[in-house]
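Novice:
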Amino acid sequence: MMSGERPNVSELLCADSCCLVLIDLQERLLPVIRQGETVLAVCQFLRQAAAIFSVPTLLTEQYPKGLGPVVPALLDGAEDLPRMSKLRFSAAREVLQFLEEQNGVRSVPLTQVCLAGIETHVCVLQTALELRREGLQVFVAADGTGSRFETDRTQGLQRMSAAGVQVVAAESAAFEWCGTAEHPRFRELSQLVRHRGY
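First residue of the sequence shown: 500, per the working numbering; consecutive thereafter.
1. What are the boundary residues of the beta strand (DSSP E) that CYS613 is part of?
2. Rounded to the nearest angstrom, how far is the Cβ of GLY535 from that of GLY616, given a contact under 8 Å?
3. Using the rule of at least 16 other Cβ atoms within 10 Å of the residue's Cβ for burial, across every protein chain shown, is HIS620 buried or exposed?
4. Would the segment 548-555 and the segment 668-679 be scored as touching if the rule is three or more Cβ pairs under 8 Å?
5. Does DSSP put ASP575 in a helix, a strand or coil?
6. Spell out the partners DSSP gives GLN665 in its beta bridges.
7. What are the residues that DSSP puts in a beta bridge with LEU521?
8. Applying the criterion that 16 or more other CB atoms from any shown protein chain within 10 Å of the CB defines a buried residue, is LYS564 buried or exposed?
9. Let me confirm a value: PHE648 is counted as buried when at least 16 other C-beta atoms fall within 10 Å, else exposed. Which label applies?
10. On the three-state DSSP scale, how would you describe THR679?
11. With a 10 Å radius around its C-beta and 16 neighbouring C-beta atoms as the bar for buried, classify ASP642 as buried or exposed.
12. If we define contact as Cβ-Cβ less than 9 Å, is THR650 a contact residue for chain B?
13. Considering Cα atoms alone, identify which of GLN525, VAL623, ILE532 is closest to ALA572.
14. What's the gap between the Cα of VAL623 and the Cα of ILE522?
15. If you compare alpha carbons, which of GLU618, VAL664, SER516 is closest to ARG632?
16. What are the boundary residues of the alpha helix (DSSP H) that includes ARG587?
17. For ILE532 and LEU557, what's the separation of their Cα atoms in angstroms?
18. For GLY535, which of helix, strand or coil comes out of DSSP?
19. Just confirm the distance between the C-beta atoms of ALA591 and LEU566, as a whole number of angstroms; I'd bet it's less than 8 Å.
20. Pull the bridge partners of GLY645 from the DSSP assignment, please.
21. Using the C-alpha atoms, what's the distance from CYS513 back to ARG684?
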C-alpha cells in the first residue's frame, strides 16, 4: 500500500462518510447505568472528536417526558446539536431521517454510523440491528455504551458483533476519523486524547 493510502472504508471508519449517534444519555436514565460516569465521559470524548473531524452528530432521547432530557454535560459547548425524541427503543427511524437530511446537502453520502449510549442491550442493540438491515455499515464504540448490569452489556455487544456490527473503542474511532498524523487537525486530536482521564 502506498504511503497515505487508506484501507477499504468497509473496515475502518471514515470521517467523510460517517455520522455519530449518541443514544439516550438522559438525566433519569444515566444514574442507574453501571459506570455511567465513565460512559458519559467516553461519549463526551466521541462528540468532541467528531466535531474536530466534522462528523455529523445526532442525539436521541427515549421518552423525555419520563426519562428527562439529555444530560447537560453532554451538551457543554455543543448546545446546537440536533436532538430527536422517540418512543420506540430503536433509534433507526430517527437515524435514517437524519441521514436523509444530511445526504441532501452533502457531496459524499453518509454510509457509516457509529453508535454509543445506553442501554447497550436494548436501544443501542435494536438501533444497530435495524440499521444493518438497511444496508448501512454500523460500528459501536463499546466503551461508550452501558447497561444497568454488566452481563446485559456484554451480551448486547456479543450479539451485535455476531450480526456484523463492528465493535470498536472510542479512541479507535477517533484515530480512524483522523486517518494520518499528517491530517491538519491531528494535533487537536492528540491534545484531546492526552487529556482523557479515564
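Glycine included, each C-beta is placed from N, C-alpha and C at the ideal position. Just so you know, these numbers come straight off a predicted model, no measurement behind them.
Specialist: So, to answer that:
1. 611-617
2. Not really, about 11 Å apart at Cβ, beyond 8 Å.
3. buried
4. yes
5. coil
6. PHE638
7. LEU558, ALA615
8. exposed
9. exposed
10. coil
11. buried
12. No chain B appears in this structure, which consists of one protein chain only.
13. GLN525
14. 7 Å
15. VAL664
16. Premise fails: ARG587 is in no alpha helix (DSSP H) and is neither H nor E.
17. 21 Å
18. helix
19. Actually they are not in contact, since the Cβ atoms of ALA591 and LEU566 sit about 19 Å apart, beyond 8 Å.
20. ILE617
21. 15 Å
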